[in-house]
Each structure stands twice: as C-alpha cells, then as structure tokens.
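*Asks:* Keeping their order, the protein sequence lines are chains A and B. Numbering (the working numbering) for the first sequence: 24 to 351. Numbering (the working numbering) for the second sequence: 24 to 351.
Protein chains: 2
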Amino acid sequence: MINFNAPSDYPLIGKQLVQVNRVINQRINTRYPELQDALRTMASHGGKYIRPTIVLLMARIIDPSLKNERLIKVAASIEILHMASLIHDDVIDDSPKRRGAVSIQSRFGKDIAVYSGDLLFTVFFDLLTETAADRASFQRNAHAMRHVLNGELGQMAERFDIHQGLTNYLRNVNGKTATLFWLAAGEGARLAGATNRQIFCARSFGRNIGISFQMLDDLLDYSSGDSLNKPVMEDLSTGVYSLPLLLALQHADAAKKLKPLLAKKRQLTADDMVTIQQIVKASGALQEAEQLATKFTNKALQRLHELPAGPTRKLIHELTISMLHRNK
Amino acid sequence: MINFNAPSDYPLIGKQLVQVNRVINQRINTRYPELQDALRTMASHGGKYIRPTIVLLMARIIDPSLKNERLIKVAASIEILHMASLIHDDVIDDSPKRRGAVSIQSRFGKDIAVYSGDLLFTVFFDLLTETAADRASFQRNAHAMRHVLNGELGQMAERFDIHQGLTNYLRNVNGKTATLFWLAAGEGARLAGATNRQIFCARSFGRNIGISFQMLDDLLDYSSGDSLNKPVMEDLSTGVYSLPLLLALQHADAAKKLKPLLAKKRQLTADDMVTIQQIVKASGALQEAEQLATKFTNKALQRLHELPAGPTRKLIHELTISMLHRNK
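1) May I ask you to verify whether the stretch 88-95 of chain B touches the stretch 34-45 of chain B, counting CB pairs closer than 8 Å and requiring at least 3?
2) Distance, Cα to Cα, residue 193/B vs residue 319/B?
3) Would you mind sorting residue 216/B into buried or exposed? The rule is 16 or more other CB atoms within 10 Å of its CB.
4) At a CB-CB cut-off below 8 Å, which residues of chain B make contact with residue 138/A?
5) If the cut is a Cβ gap below 7 Å, which residues of chain A does residue 134/B touch?
6) According to a CB-to-CB cut-off of less than 9 Å, which residues of the stretch 55-68 of chain B neighbour chain A?
7) Which of helix, strand or coil does DSSP assign to residue 303/A?
8) List, in chain order, every chain A residue whose beta-carbon is nearer than 7 Å to that of residue 149/B.
9) Are the stretch 329-341 of chain A and the stretch 267-284 of chain A touching by the rule of at least three beta carbon pairs closer than 8 Å?
10) Give a yes or no on whether the minimum CB-CB distance between residue 141/B and chain A is below 8 Å.
11) Roughly how many angstroms lie between the CA atoms of residue 98/B and residue 286/B, to the nearest whole one?
12) Are the C-beta of residue 74/A and some C-beta of chain B separated by less than 8 Å?
13) Just to confirm, are residue 207/B and residue 77/B a CB contact at a threshold of 8 Å?
14) Give a yes or no on whether the C-beta atoms belonging to residue 209/A and residue 226/A are separated by under 8 Å.
15) Cβ of residue 137/A within 8 Å of Cβ of residue 114/B?
16) From the DSSP output, in three-state form, read off residue 278/A for me.
17) Kindly indicate which three-state DSSP category residue 75/A falls into: helix, strand or coil?
18) Relative to the C-alpha of residue 338/A, which residue among 45/A, 53/A and 79/A is closest?
19) Would you mind working out which of 292/A, 222/A, 126/A and 188/A sits nearest residue 326/A, comparing C-alpha positions?
20) Less than 8 Å between CB atoms is the rule here; does residue 290/B satisfy it with respect to chain A?
21) Between residue 241/A and the rest of its own chain, which residues show a CB-CB distance below 6 Å, the 5 nearest in sequence each way excluded?
22) Output needed for residue 288/B: all residues of its chain with C-beta closer than 7 Å, excluding positions within five of it in sequence on either side, in chain order.
23) With 7 Å as the limit, tell me which residues of the stretch 311-342 of chain A have their beta carbon closer than that to any beta carbon of chain B; keep them in chain order.
24) When the Cα of residue 105/A is compared with those of 328/A, 346/A and 202/A, which residue comes out closest?
25) Give the residues of chain B in contact with residue 162/A, contact being defined as C-beta atoms less than 9 Å apart.
26) Would you mind sorting residue 189/A into buried or exposed? The rule is 16 or more other CB atoms within 10 Å of its CB.
27) Taking only runs that begin and end inside the stretch 30-100 of chain B, name each unbroken beta strand (DSSP E) of 3 or more residues, in chain order.
28) Taking Cβ to Cβ, would you say residue 166/A is nearer than 8 Å to residue 198/A?
29) Can you tell which of 132/A, 140/A, 314/A and 156/A has its C-alpha closest to the C-alpha of residue 66/A?
30) Using 10 angstroms around the beta-carbon of residue 307/A, count the other beta-carbons present and answer buried if the total reaches 16, otherwise exposed.
31) Grouping DSSP H, G and I as helix and E and B as strand, with all else coil, what is residue 335/B?
32) Helix, strand or coil: how does DSSP classify residue 188/A here?
33) Could you give the DSSP three-state label for residue 157/B: helix, strand or coil?
34) Which full runs of the beta strand (DSSP E) of 3+ residues lie inside the stretch 164-227 of chain A, going along the chain?
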C-alpha cells in the first residue's frame, strides 16, 4: 500500500511513483464528476502500484540516473490497464469492495462500471500513442492486452473442468496475471537502454514473479484462517479451480473425496466448501503449491542476478522475497 | 443486411465487404470454441456493415481502382470496434437479442460478454498496429474510441435530467454514434490518397450522417406502431431521454404534462410510458426531429458533393437518402 503523501517512505522510486499517480489522475478525465472522483480515488488509495514499481525499478537497475516523462507515462499506462481489468473483474464477480473502497460497480452500477473500464482502456491507448517509440512497441502492448484477456477467457472456458491439470492453469495465469508483470519489466528495462539480453532477463523476471504472485494469492485464499474466505468460495461456486485444488486433485485419495463434492457444481453448500478446504489442506497441496511458487520465484531471482548489481537490484531482490512471505 | 454469400447483390464493394468479413472472422480467435463461434456468427449475420461500407466507398470515391489489404483491415477494425461496443451495450441493457440472434451476454452470461467486448477491443488494437501509418493515425483512432465512450458516459451522466436540452444530446450522439462514421469516412478517404480538404469533407459527411442516423433511430423508436417498443421503454425507465422527448419538453404545454410523469423516474408504469408517447406525438416533436435529422443529412450531402463525381458518389448519395426512409 503506497502513501502518496509520504513518497520518501518508499525507497529509491517514491517520488517517481508520486508522478505516476499524478499522471493517472490527470488522465482520468470524464464529463461525469462523480465517476471521475471515484476513479481517481481508486487510483490513489489502496493500490500497491506493483506494476509501475516494476517499470521504474527495472529502468533504474539499467540506468540509475534515468528520469524522463516517457518512463512515468509508461508506468502509468500499465497501471491504468490493470485498473481497467480490475473494474471489469468486479463487474463479473459482483464485488462490493475493491482496494478497501466501494467498487465502481457497486457504487455506480454495472453499466457505468463496464464503460469505466472501457474508458480506462482508451486512456491506456492514448498514453501509448504518446510513448510508443515504434510499431513494435504498439504490438507488444497490444499482444499483452490480448494475453491478459485470453487468460481470463481461458479460465472461464475451463470452469468446472476437474481434468484440466496444471498446464491450463499455468497458461491462464501466465496470461491474466504474469503478462502485465512481463510487460512492465520489459518496457522499463527497454526505456533505460537495456541490451536485448537484459530485456530478456527483465521480462523473464517479470513473468516468473507474476506467476508466483498469482500462485501465492491462490494459496493464501485456501490457507488463511479456518474458514474459507469469500474469493475462494466464489471461485468454487463458479467453477474456477485454482492451484491448491488442482494439486489436491492429483492425489488419488483426495480426488476420490473431492470429485463427488465438485460434481455438485453451482449447488455446493457452505459446508461442502469447508469440507473441500479441509481435504485440500490434508492432501499436502498447500505445501506443494508453495514449493511450486518458490520455484518460479527462484527462477525470477536467477534472471534478476543477470542484471547489473547495485542498490536497485538489492531492493528488487528484497521486494521479491517479501512477496513470498506476505499475508493477505 | 448483407448476404456474404451473394456479394454481387451489393453494388461496387460487395467483394471487398466479403473480404472484410473474412478478416473479422480470422481475427476472432480465442481458446473458447463456443464463444468464438458466437462472435463469428455475430460478425457474419445481421450486421449491416455500415461503417466498413463507408470506409470502402469513401476510399473508392477518391480512387476507384484502390484495392489493398490495408483498406480491408481498416474497414474490419472499425466494425470490430463497433461490435465491441454493441456487446458492452447489451451487458448494460440486459438485451436478450442482438442482430436477430441471441446476444453474447444472454447466451454466455455477462461475465463472458464483458471479456468478449474487451477481447474485441484488443483485436481492434492489433489491427491498428498493423495498419496505422504513423503516430497521428493511432491518435485519431485512440481519440475516436475515447469519444465513443465519453458519449456513452455523457448519456448516462444526464439520465433523468429533464433540463438537459439539445446541446447535451448532440454532444453525446456526436460521441457515441457519429464518431465511428467520422472515423470510417476519414480513414477511407485518407487511405485512397485524398487531399486534406477531401479528408475534411469525408469526415464531415461521416459525422453528419452519423448524427442523422442516430436521430432517425430515436425517432423510429417513438413513431413505430401504437405501442412503444422495448428499446424506448428501457430508455425511459433508465432515464435516457432521446431526441423526440427532449423536443417535446421544449413545448410548454407538452412539458407541463410530461414533467409529473417523468418525475416518477424508475417507477414509470407501462401505461405511463404509453401516455408519454402520446404526448410526444401530439406535441409535433416527431416532425421536428425529422426536420432536424434532414438538416444533418443535407449537410452531409453538401459535403459529399465536394468530393469527385461518379458512380461511387451517386451510390453514396442514394444510400444516404434511403437511410432517411428506412423503417425499423
């Protein structure tokens, strides 16, 4: 959580993050004062700005003296793309809350929320027309946006499919979550004048922490507390099977108990879901999920250590490790 | 309504429209076979392809021999942008039907529909990265996309506002409908090597027929049959006041009768709505709306006649006139 009033709390790039936040606020511009306020509130409160942070730190690791407007705008554009997908996700999940505040859809209704997300896509698009150096740069961004959506759609296509295995899960997570980390890291490094090999390492770092980030998110949903939290209950009842459940299904004994429950699909009761959580926990799937996430984190760190040493790399390393130990 | 199996039914540009349809089908590509089929069905059935038609005819009026892949892709990209906004509109309206077929949202649910629209935005974006000649070209498209959404959002911001007058209506229609006509006409002319003055005339033609197109749509909603049709009832109950109602509100006597009814807002009954329709009809607002639409059509035709004479211009003229006499 970033406090934009105390940028110095945030090491190395605090002031730049304040500038990113300012660009986002300036660009959120619509003839609908209430909505504009709500979007600006969303942009300034509760967001962790992980993606802009990656852009800025990856630029800094290559060129610690780099400070330019384009870098700030690129960082802002990726956060805006992320915000757009959050808003549309909330429409789909009927989420009452987002970033600690009331979600756009629960405050304004789904109609405004759909258009607000669309509006942010256009802001993203606008920023891109200002910052893209060449056609290839547009293409990377266009492909990233498509991969995010194909990940979301893939996840939906495989709902209630107990045979989907890890390949599909990884493909979808790679799209819906890791793509923006990949984009953020690669664009940051590129803007700072990185070599092709450095850009490759930055992107690979981004993709791998993106995947471990999502895996840990899925893991925390299952492990926190004795009762299932709301996101995982929603996922179960809408047939979105995340990593711990998919791993548990690979154990014959757990699968045998899980299958009749999952066969109820949308008719799962709250008790059923608690039973599912217990079976998943007892199967050892949570430890396996953590091991898998650690594998991706380690891969990311390996790539990171091909990039220039210094205080920025040290900070990125620390942030990556602390991500592994976060609690929800 | 275009029959892609009989391209020769469509004068001058029938074969090119078939190519546009083919590009759209190729680009609708997702790991979700059912959704892909539904989107391809939407792309091939029932659509009037008005925007691609404008692109192709405006290119042809400048250079009748022009046939290139970029032109087809640009025409496809604008239709895809239009399809994306139709899908999101259906989410908002909970529309069961679209283009004669079941709408994406009623067949797959709003979750898939939101992402499908987003996916089409990315296809639009992809096509643009392939066709845009320069940064200015991206900017025109980005601005167009934003204007469409600001029109939609503006319309929502002014819901239930009986004092909004015609200025707001025109601004919103200019955004939500006329922008894509403006874009289609301008890009078509530009691709065919038009002069700046010709591009200006093409765009002005597009914007003006876009506005008259929307006005006639609003008018037909009120005038068709003795009972109000579904779209206008939805508009009334959600507070979207279209041209005939806004014009009727400018007549003191009609306004006096309308205001207490409109004050009921979302509580309007079916009988109330029929009464509103009768008041609007009796006020002469339908004739006024038609006159206003004709003004915009005439302005469009005036601009058209600054462009090179020939069979293409004649055809555009005829299509424009027939639009004025269409029935829903």
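Glycine included, every Cβ here is placed at the ideal spot set by N, Cα and C.
*Replies:* Quick answer:
1) yes
2) 11 Å
3) The residue in question, residue 216/B, is exposed, as its Cβ has fewer than 16 Cβ neighbours within 10 Å.
4) 111, 115, 172, 175, 176 and 179
5) 115 and 179
6) Listed in chain order, the positions of the stretch 55-68 of chain B with a beta carbon within less than 9 Å of a beta carbon of chain A are 55, 56, 57 and 58.
7) helix
8) 165 and 169
9) no
10) A Cβ of chain A is located within less than 8 Å of the beta carbon of residue 141/B.
11) 44 Å
12) no
13) yes
14) yes
15) yes
16) helix
17) helix
18) 79/A
19) 222/A
20) At a cut-off of 8 Å between beta-carbon atoms, residue 290/B makes no contact with chain A.
21) 265 and 266
22) 183 and 262
23) none
24) 202/A
25) Neighbourhood of residue 162/A in chain B, by CB distance below 9 Å: 149, 152 and 153, in chain order.
26) So residue 189/A ends up on the exposed side.
27) For the stretch 30-100 of chain B, not a single whole beta strand (DSSP E) run of length 3 or above is found.
28) no
29) 140/A
30) exposed
31) Note: residue 335/B maps to helix in three-state DSSP.
32) helix
33) coil
34) none
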